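Chemist: Here the working numbering is used: the first residue of the sequence shown is 56, the next is one more, and so on.
Handing you a structure now.
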Amino acid sequence: MTGEELASLEQARDSLEQGREKALSIQCVNNLKQIGLAARIWASDNQDTYPPDFLSMSKQLYSPKILVCPADTNRAIAATFAIYTDANCSYEFLARSGSGLGPTHVLTRCPVHGHVGLCDGSAQSAAWKEHPDWFVQRGNRLYFEPPNTQSEPAKATKP
Numbered sequence: 056m057t058g059e060e061l062a063s064l065e066q067a068r069d070s071l072e073q074g075r076e077k078a079l080s081i082q083c084v085n086n087l088k089q090i091g092l093a094a095r096i097w098a099s100d101n102q103d104t105y106p107p108d109f110l111s112m113s114k115q116l117y118s119p120k121i122l123v124c125p126a127d128t129n130r131a132i133a134a135t136f137a138i139y140t141d142a143n144c145s146y147e148f149l150a151r152s153g154s155g156l157g158p159t160h161v162l163t164r165c166p167v168h169g170h171v172g173l174c175d176g177s178a179q180s181a182a183w184k185e186h187p188d189w190f191v192q193r194g195n196r197l198y199f200e201p202p203n204t205q206s207e208p209a210k211a212t213k214p
């Protein structure tokens, strides 16, 4: 193989690895969204109070597999919730037993990617790593508060 062919092969391998990493990140965001929706359903059935832990909402979650970030190769996935422990979970649960939680309250966080799931069921990709200044602690609650990105309306000028 020539040097040019080796360089081309290396570039192709790098592209495949980048694609794989992106796919794992997207799967992680989807997991956080599913967890967020499960927590909302659990809360609606429990006087608008969020669950104390992941196991409490096992009936609302599809599978314990959702609780492991696909890029976290150090975690074993529990086959069922009956054998699930915290050792089978990649994500941090940050809104335990909360009530009156608004859409900007942080519910979950992935330490691998820095994604966060919010109490409205949305997920913010890599926000924890890329914008740590957008998180505000008030009491025992964490909020996601990005700066207002809307531009100011243009001021009218006199002719």
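Every residue gets a Cβ at the ideal spot worked out from N, C-alpha and C, and that includes glycine.
Here the structure is a predicted model, which means the values were calculated and not measured.
Shorter than 7 Å, the distance from the beta carbon of P125 to the closest heavy atom of the ligand SAM, or not?
Modeler: Absent from the structure shown: the ligand SAM. Ligands present: none.
Chemist: Cα separation between S118 and T135?
Modeler: The count along the sequence shown starts at 1 and reaches residue 118 at position 63. The count along the sequence shown starts at 1 and reaches residue 135 at position 80. Cα to Cα, the separation comes out at about 7 Å.
Chemist: Since G155 contacts L162 with CB under 8 Å, what's their CB separation in whole angstroms?
Modeler: In the sequence shown, residue 155 corresponds to position 100, counting from 1. In the sequence shown, residue 162 corresponds to position 107, counting from 1. With 8 Å as the limit, G155 and L162 do not qualify as a contact, their Cβ atoms being about 14 Å apart.
Chemist: Give every residue of the same chain whose Cβ lies closer than 6 Å to the Cβ of I132, excluding the five residues on either side of it in the sequence, and list them in chain order.
Modeler: Residue numbering aside, residue 132 sits at position 77 when the sequence shown is read from its first letter. If we look at I132 and ignore the five residues flanking it on each side, its Cβ neighbours are K120 and V123.
Chemist: Using the Cα positions of L149 and M112, report the straight-line distance between them to the nearest angstrom.
Modeler: As a working mapping, residue 149 is identified with position 94 in the sequence shown. As a working mapping, residue 112 is identified with position 57 in the sequence shown. Each residue's alpha carbon lies about 15 Å from the other.
Chemist: Apart from the five residues on each side of it in sequence, which residues of its chain come closer than 6 Å, Cβ to Cβ, to L116?
Modeler: Taking the first residue of the sequence shown as 1, we reach residue 116 at position 61. Cβ neighbours of L116 beyond the five flanking positions: A93.
Chemist: Using only alpha-carbon positions, find the residue among A181, C165, A182 and H160 that is nearest to L197.
Modeler: Sequence index remark: in the sequence shown, residue 197 carries index 142 (1-based). Comparing Cα-Cα distances from L197 to each of A181, C165, A182 and H160, the minimum goes to H160.
Chemist: Can you give the beta carbon distance from H170 to A178, rounded, assuming they're within the 8 Å contact cut?
Modeler: Residue mapping note: residue 170 aligns to position 115 of the sequence shown, counting from 1. Residue mapping note: residue 178 aligns to position 123 of the sequence shown, counting from 1. So it is a contact: roughly 6 Å between Cβ atoms.
Chemist: Does the beta-carbon distance from L79 to A137 come in below 8 Å?
Modeler: Locating residue 79 in the sequence shown gives position 24, counting from the first residue. Locating residue 137 in the sequence shown gives position 82, counting from the first residue. It is not a contact, given that the beta carbons lie outside the stated cut-off.
Chemist: Tell me whether the beta-carbon of C165 lies closer than 8 Å to the beta-carbon of Y146.
Modeler: Along the sequence shown, read from residue 1 onward, the residue named residue 165 stands at position 110. Along the sequence shown, read from residue 1 onward, the residue named residue 146 stands at position 91. A contact, by the Cβ cut-off of 8 Å.
Chemist: Measure the alpha-carbon distance for I96 versus N143 and round it to whole angstroms.
Modeler: The count along the sequence shown starts at 1 and reaches residue 96 at position 41. The count along the sequence shown starts at 1 and reaches residue 143 at position 88. Each residue's alpha carbon lies about 22 Å from the other.
Chemist: Contact check, G91 vs G176 under 8 Å by CB: the rounded distance?
Modeler: Taking the sequence shown and counting its residues from 1, the one referred to as residue 91 is at position 36. Taking the sequence shown and counting its residues from 1, the one referred to as residue 176 is at position 121. Between G176 and G91 the Cβ distance is about 4 Å, and since that is below 8 Å, they are a contact.
Chemist: To the nearest angstrom, report how far apart E200 and S99 are at their CA atoms.
Modeler: Stepping through the sequence shown from its first residue, residue 200 is reached at position 145. Stepping through the sequence shown from its first residue, residue 99 is reached at position 44. Cα to Cα, E200 sits roughly 25 Å from S99.
Chemist: Straight-line CA distance for C83 to P106?
Modeler: Within the sequence shown, residue 83 is the residue found at index 28, counting from 1. Within the sequence shown, residue 106 is the residue found at index 51, counting from 1. Cα to Cα, C83 sits roughly 21 Å from P106.
Chemist: Tell me which same chain residues have a C-beta within less than 6 Å of the C-beta of S180, skipping the five on either side of it?
Modeler: Locating residue 180 in the sequence shown gives position 125, counting from the first residue. Closer than 6 Å at the Cβ level, and outside the excluded window around S180, lie V84 and H170.
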